[in-house]
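S.K.: Residue numbers (my numbering): 6 to 168. Note that beta-carbon positions come from the ideal geometry of N, C-alpha and C, so glycine has one too. All values reported here derive from a predicted model rather than from experimental measurement.
(1) Rounded to the nearest angstrom, what separates residue 57 and residue 102 at their Cα positions?
(2) Once DSSP output is grouped into helix, strand and coil, what is the label at residue 59?
(3) Run through the segment 71-108 for me and flag every whole alpha helix (DSSP H) of 4 or more residues, listed as ranges in chain order.
(4) Which first and last residues belong to the beta strand (DSSP E) in which residue 113 is found?
(5) Tell me which residues share the same chain as residue 156 and place their Cβ nearer than 8 Å to its Cβ, disregarding the 5 neighbours each side in the sequence.
(6) Since residue 163 is in the beta strand (DSSP E), which residue starts that stretch and which ends it?
(7) From residue 141 to residue 93, what does the alpha carbon distance come to, in whole angstroms?
(8) Can you say whether residue 115 is buried or exposed, counting buried as having 16 or more other CB atoms within 10 angstroms of its CB?
(9) Evaluate the contact criterion for the segment 82-91 versus the segment 125-133: three or more CB pairs, one atom per stretch, below 8 Å.
(10) Does the beta carbon of residue 88 sit closer than 8 Å to a beta carbon anywhere in chain B?
(11) Hey, how far is the Cα of residue 32 from the Cα of residue 61?
(12) Going by alpha carbons, who is nearest to residue 65 out of 150, 125 and 137?
(13) Can you tell me which of the three DSSP states residue 153 falls into?
(14) What is the DSSP secondary structure of residue 124, reduced to helix, strand or coil?
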């Protein structure tokens with residue numbers, strides 16, 4: 006009888022854990038990874054899937070944080086600003102660790118800046134400066150290889166507040 010009770014208890018425990026584990030693995034793309042607020046039509050939240058559905062652009066460039074040329078794919082920030090109906094002229098880009106940098110919106114179209122979701126074909130995770138990383142085309146525009154633009158390349162982006 007004890008053996009039967011123990012077996013039932015183990016099976017119930019496993020059944021209780023199974024939905025939770027599958028929901029976590031199935032929901033990784035459904036997690037909100039970006040909030041855009043401030044001077045916008047309405048506060049917007051994006052999952053990786055909804056962000057990438059806006060269309061991806063590619064920047065191949067070297068950075069001070071990686072070895073060699075990297076291929077970054079992400080949403081053009083100018084397109085994202087159109088989507089949220091941004092009316093400000095600057096964006097406070099906030100990282101997961103609360104590092105905040107003010108970026109002029111004019112940069113986004115002038116330099117074709119992207120909010121990268123992928124590096125070398127793979128989704129970026131937190132250990133890889135993801136899930137979102139502001140990328141300027143440093144190799145295509147050597148004039149951007151300065152501390153000003155490097156500091157604007159915020160990684161682990163979580164929130165963009167328009168002002």
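M.R.: Straight from the coordinates:
(1) 23 Å
(2) coil
(3) 82-88
(4) No beta strand (DSSP E) holds residue 113; the alpha helix (DSSP H) holding it covers 110-115.
(5) 106
(6) First-last of the beta strand (DSSP E) with residue 163: 162-167.
(7) 20 Å
(8) exposed
(9) no
(10) Checking the listed chains, one finds no chain B in this structure; it contains a single protein chain.
(11) Low confidence applies here, because residue 32 scores a pLDDT of 43, under 50, leaving its location unreliable and the question unanswered by this model.
(12) If you compare the alpha carbons of 150, 125 and 137 with that of residue 65, the shortest gap goes to 125.
(13) helix
(14) strand
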